[in-house]
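J.:
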Amino acid sequence: MATVKSNILPKEKNIKDEWIRDVSQFIKRVNEYIQVKNSADSTVVYRGEPEVYPAPCRPNIFRKGVMDGNRFFEKNLFDTMRQNKLTGESRYLDNAIDAQHGEFPSRLLDVSYNCLTALYFAVTPYYHNREDALDDKDGMVFLFFVDEIFSPSAQNTNDNYDAIIKRDCGWYQDQQLFEKNHKFIDHTKLNNRIIAQQGAFILFPGDEPESLPEYMGYGIRIPGGAKPLIRRELKQLFGIHTGSIYPEIINLVGELSSKSKKLNTEEFSCKNELLYAWRQMEKELDYYLDYAMGLKKNKTNTNRRGNEEAVPVQVLMHIEHVIDSYRKGFLEFSRDWQEGQRHGQESQTGGLRREDLREVIEKYNQSVREFSQNMEQYGIGEISGELLLIHLD
-2 MATVKSNILP
8 KEKNIKDEWI
18 RDVSQFIKRV
28 NEYIQVKNSA
38 DSTVVYRGEP
48 EVYPAPCRPN
58 IFRKGVMDGN
68 RFFEKNLFDT
78 MRQNKLTGES
88 RYLDNAIDAQ
98 HGEFPSRLLD
108 VSYNCLTALY
118 FAVTPYYHNR
128 EDALDDKDGM
138 VFLFFVDEIF
148 SPSAQNTNDN
158 YDAIIKRDCG
168 WYQDQQLFEK
178 NHKFIDHTKL
188 NNRIIAQQGA
198 FILFPGDEPE
208 SLPEYMGYGI
218 RIPGGAKPLI
228 RRELKQLFGI
238 HTGSIYPEII
248 NLVGELSSKS
258 KKLNTEEFSC
268 KNELLYAWRQ
278 MEKELDYYLD
288 YAMGLKKNKT
298 NTNRRGNEEA
308 VPVQVLMHIE
318 HVIDSYRKGF
328 LEFSRDWQEG
338 QRHGQESQTG
348 GLRREDLREV
358 IEKYNQSVRE
368 FSQNMEQYGI
378 GEISGELLLI
388 HLD
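Under this note's numbering, the first residue of the sequence shown carries the number -2, and numbering increases by one thereafter.
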């Protein structure tokens, strides 16, 4: 399946481009992004990175190449940690959280509920280095808007993680479609570092790091020259610094009650993973429709031949490429499912019924049709809607 490796669309959208010089400007900018997103149903989390990486927001297991040629690296690592008493947990996801904060490679991406914590990481390198070691480089803070939460103690979350680590779930294995199913895993109060950072995680399920979808977040650039002042303000005004004291666990009733309304407790199953992928595509299409309408409204675009166009053709091609990546993923899954049906391989079909598969594919087709119709209805441009549909045998 073709994956989306590049991002040609700007994330700034309705907010003018400006660099952050101090904490007050940063907070103001974060608030502007939240107002632009205007989604009361979303949970906002943040991530800070001390450099502007070519491929940002990637778990460290994909940066170190440790899985090259070893598909069971993570399982072997966790089993070794248990053997050496480096983790006292019996579930692989709990082992992964311990590994993450024991500086082992992990497919979990650290995020925080606190934007100032993320800002600290954007202006401060890892504590093994001097605080000013990267002051000659710009940093980044990313905002992510998530509307489904997975609990680290829930059965569905652990079943999903086990399927990734053990590689014993036939219908789930080697399906590039499911690499798009990034999942936001809420924090746990059992790890002191997570408490201090008000941390949580985004799970990357694939063997390759599928980029987070563009609808999900925004980025704020932090100039290297502003890092010393921001570090000083974070310490003096908010008590955020390398030696910060871990907070006590108090006043969780309201927080947990609010999160429980958005908690995803669906059973980890083949059909639910397919529906999750379809919902991800729906969100991406909503994002692109809003983005394209903004382009059409705010300016007139001219192509190379001097003809006016509502939306640049390269944007339409990018949108088609995103849809096609889902189409190829669903087709690949369908072919593998049908092969499993013919040979009676339950592990490959995941108990998925033919009518369930057709239901999901029809949802996909309907979403593509509606998106294509909206693009034409609003005079934005045409995409190859019919060519992007899926027709099962």
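Beta carbons are placed, not taken as given, at the ideal position from N, Cα and C, and that holds for glycine.
1. Buried or exposed: GLY341, going by 16 or more other Cβ atoms within 10 Å of its Cβ?
2. Verify whether the separation of the beta carbon atoms of ASN155 and LEU90 is less than 7 Å.
3. When you compare only the Cα positions, how much space is there between LYS232 and PRO210?
4. If you drop the 5 nearest sequence neighbours on each side, which residues of the same chain put their C-beta closer than 6 Å to that of ARG55?
5. For a minimum of 3 consecutive residues, which ranges assigned as the beta strand (DSSP E) are wholly contained in the segment 129 to 161?
6. Could you pull out every unbroken beta strand (DSSP E) segment of at least 3 residues lying fully inside the segment 21 to 97, listed in chain order?
7. Please check the pair GLN345 and TRP168, which I expect to be a contact at CB under 8 Å, by giving their CB distance rounded to whole angstroms.
8. Around the Cβ of ALA52, are there at least 16 other Cβ atoms within 10 angstroms (buried) or fewer (exposed)?
9. Kindly indicate which three-state DSSP category ARG127 falls into: helix, strand or coil?
10. Considering only the beta carbon of each residue, do ASP153 and GLU264 sit closer than 7 Å?
11. Is LEU105 helix, strand or coil when you go by DSSP?
12. Between LYS268 and the rest of its own chain, which residues show a CB-CB distance below 6 Å, the 5 nearest in sequence each way excluded?
13. Round the Cβ separation of ARG274 and ILE377 to the nearest angstrom and send it over; I've been treating them as touching at under 8 Å.
14. Determine the contact status of LEU113 and ILE237, defining contact as a CB-CB distance below 7 Å.
15. Could you pull out every residue in the same chain whose Cβ sits closer than 7 Å to the Cβ of ALA119, ignoring the five residues on either side in sequence?
16. Is it buried or exposed for ARG127, if we count other Cβ within 10 angstroms and need 16 for buried?
17. Evaluate HIS388 with the Cβ neighbour count: other Cβ atoms within 10 Å of its Cβ, from every protein chain shown; 16 or more gives buried, anything less gives exposed.
18. Would you tell me roughly how many angstroms separate the C-alpha atoms of GLU367 and LYS294, rounded to the nearest one?
19. Taking just the CA atoms, how far does VAL357 sit from LEU272?
20. Whole angstroms are fine: how far does the CA of ILE94 sit from the CA of HIS179?
21. Return yes when the Cβ of ASN73 is within less than 7 Å of the Cβ of THR84, no when it is not.
22. When the Cα atoms are used, what is the spatial distance from GLN277 to ASN81?
23. Closer than 7 Å by C-beta to ILE31: which residues in its own chain qualify, once you throw out the five before and the five after it? Chain order, please.
24. Give a yes or no on whether the C-beta atoms belonging to PHE327 and TYR285 are separated by under 7 Å.
25. Is LEU200 helix, strand or coil by DSSP?
26. Any chance the segment 157 to 173 sits against the segment 325 to 339, with 3 or more Cβ pairs inside 8 Å?
27. Exposed or buried, VAL33, counting other C-beta atoms within 10 Å across all chains shown (16 or more means buried)?
28. Rounding to the nearest angstrom, what Cα-Cα distance links ILE162 and GLU71 in this structure?
29. Would you identify the three-state DSSP class for ILE219, choosing helix, strand or coil?
30. From SER266 to GLU145, what does the alpha carbon distance come to, in whole angstroms?
31. Of the choices ARG351, GLU359, GLY347 and VAL319, whose alpha-carbon is the least far from that of ILE380?
32. Evaluate ASN35 with the Cβ neighbour count: other Cβ atoms within 10 Å of its Cβ, from every protein chain shown; 16 or more gives buried, anything less gives exposed.
33. Using the three-state DSSP reduction, which class does LYS180 fall into: helix, strand or coil?
34. In chain order, what residues of the same chain lie with their CB nearer than 6 Å to the CB of ASN111, ignoring the 5 residues before and after it?
35. Please name the residue, chosen from PRO122, ASN157 and ASP183, that lies closest to PRO149 on a Cα-to-Cα basis.
36. Using the Cβ count rule (16 or more neighbours within 10 Å means buried), how would you classify THR77?
T.: Reading off the structure:
1. In the sequence shown, residue 341 corresponds to position 344, counting from 1. Looking at its Cβ environment, which holds fewer than 16 other Cβ atoms inside 10 Å, GLY341 is exposed.
2. Against the sequence shown, residue 155 aligns to sequence position 158. Against the sequence shown, residue 90 aligns to sequence position 93. Contact check for ASN155 against LEU90 passes: the beta carbons are separated by less than 7 Å.
3. Start at 1 with the first residue of the sequence shown, and residue 232 comes out as number 235. Start at 1 with the first residue of the sequence shown, and residue 210 comes out as number 213. Whole-angstrom Cα-Cα distance: 33 Å.
4. For the purposes of this step, residue 55 is taken as residue 58 along the sequence shown, with counting starting at 1. Around ARG55: PRO206.
5. With a minimum length of 3 residues, the continuous beta strand (DSSP E) runs that stay inside the segment 129 to 161 are 136 to 143.
6. Runs of the beta strand (DSSP E) inside the segment 21 to 97: 40 to 46.
7. What you label residue 345 is simply residue 348 of the sequence shown in a count that begins at 1. What you label residue 168 is simply residue 171 of the sequence shown in a count that begins at 1. Contact holds; Cβ gap of about 6 Å.
8. In the sequence shown, the residue the question calls residue 52 occupies position 55. Burial state of ALA52 is exposed, judged by a 10 Å Cβ sphere holding fewer than 16 other Cβ atoms.
9. If you number the sequence shown from 1, residue 127 lands on position 130. If DSSP states are grouped into helix, strand and coil, ARG127 belongs with coil.
10. The residue you call residue 153 lines up with position 156 of the sequence shown. The residue you call residue 264 lines up with position 267 of the sequence shown. Sequence check: residue 153 is Asn here, not Asp. Contact: yes.
11. Here residue 105 is taken as the residue at index 108 of the sequence shown, counted from 1. LEU105: strand per DSSP, three-state reduction.
12. Taking the sequence shown and counting its residues from 1, one reaches residue 268 at position 271. Taking LYS268 as the centre and dropping the five residues before and after it, the same chain places the C-beta of LEU349 and ASP353 closer than 6 Å to its C-beta, in chain order.
13. The count along the sequence shown starts at 1 and reaches residue 274 at position 277. The count along the sequence shown starts at 1 and reaches residue 377 at position 380. Here the sequence assigns Ala to residue 274, which means Arg is not the residue at that position. In this structure ALA274 does not touch ILE377 by the C-beta definition: roughly 25 Å separates them, more than the 8 Å allowed.
14. Here residue 113 refers to the residue found at position 116 of the sequence shown. Here residue 237 refers to the residue found at position 240 of the sequence shown. Contact flag set, yes.
15. Translated into positions along the sequence shown, residue 119 becomes position 122. Counting only Cβ-Cβ distances below 7 Å, and skipping sequence neighbours, we find GLY45, GLU46, PRO47, GLY136, MET137, VAL138 and ILE219.
16. As a position in the sequence shown, residue 127 is number 130, starting the count at 1. Per the 10 Å Cβ criterion, exposed.
17. For the purposes of this step, residue 388 is taken as residue 391 along the sequence shown, with counting starting at 1. Burial is judged here by how many other beta carbons sit within 10 angstroms of a residue's own beta carbon; HIS388 has fewer than 16 and is exposed.
18. Along the sequence shown, one-based indexing puts residue 367 at 370. Along the sequence shown, one-based indexing puts residue 294 at 297. Their backbone Cα atoms lie some 21 Å apart in a straight line.
19. Here residue 272 refers to the residue found at position 275 when the sequence shown is read from its first residue. Here residue 357 refers to the residue found at position 360 when the sequence shown is read from its first residue. Going by the C-alpha atoms only, they are around 6 Å apart.
20. For this step, residue 179 is matched to residue 182 along the sequence shown. For this step, residue 94 is matched to residue 97 along the sequence shown. Their backbone Cα atoms lie some 16 Å apart in a straight line.
21. Against the sequence shown, residue 84 aligns to sequence position 87. Against the sequence shown, residue 73 aligns to sequence position 76. No, Cβ-Cβ distance for THR84 and ASN73 is not below 7 Å.
22. The residue given as residue 277 occupies position 280 in the sequence shown. The residue given as residue 81 occupies position 84 in the sequence shown. Computed Cα separation, rounded: 39 Å.
23. Residue numbering aside, residue 31 sits at position 34 when the sequence shown is read from its first letter. Excluding positions up to five away in sequence, the list reads VAL41.
24. Reading the sequence shown from its first residue, position 330 is the one you call residue 327. Reading the sequence shown from its first residue, position 288 is the one you call residue 285. It is not a contact, given that the beta carbons lie outside the stated cut-off.
25. Taking the first residue of the sequence shown as 1, we reach residue 200 at position 203. It is a strand residue.
26. The segment 157 to 173 vs the segment 325 to 339: in contact.
27. Numbered from 1 along the sequence shown, position 36 holds the residue referred to as residue 33. Classification for VAL33: exposed.
28. Translated into the one-based positions of the sequence shown, residue 162 becomes position 165. Translated into the one-based positions of the sequence shown, residue 71 becomes position 74. Rounded to whole angstroms, ILE162 to GLU71 spans 6 Å at the Cα level.
29. Residue mapping note: residue 219 aligns to position 222 of the sequence shown, counting from 1. Strand, per DSSP.
30. Here residue 266 refers to the residue found at position 269 when the sequence shown is read from its first residue. Here residue 145 refers to the residue found at position 148 when the sequence shown is read from its first residue. Straight-line Cα distance between these residues: approximately 17 Å.
31. Against the sequence shown, residue 380 aligns to sequence position 383. The alpha carbon of ILE380 has as its nearest neighbour, out of ARG351, GLU359, GLY347 and VAL319, the alpha carbon of VAL319.
32. Position 38 of the sequence shown, counting from 1, holds the residue named residue 35. A residue is called buried once 16 or more other Cβ atoms fall within 10 Å of its Cβ, and ASN35, having fewer, is exposed.
33. Start at 1 with the first residue of the sequence shown, and residue 180 comes out as number 183. In this structure, LYS180 counts as strand in the three-state DSSP scheme.
34. Taking the sequence shown and counting its residues from 1, one reaches residue 111 at position 114. Answer for ASN111: GLN195, listed in chain order.
35. Numbered from 1 along the sequence shown, position 152 holds the residue referred to as residue 149. Of the candidates PRO122, ASN157 and ASP183, the one whose C-alpha sits nearest the C-alpha of PRO149 is ASP183.
36. By one-based count along the sequence shown, residue 77 stands at place 80. Flag for THR77 reads exposed.
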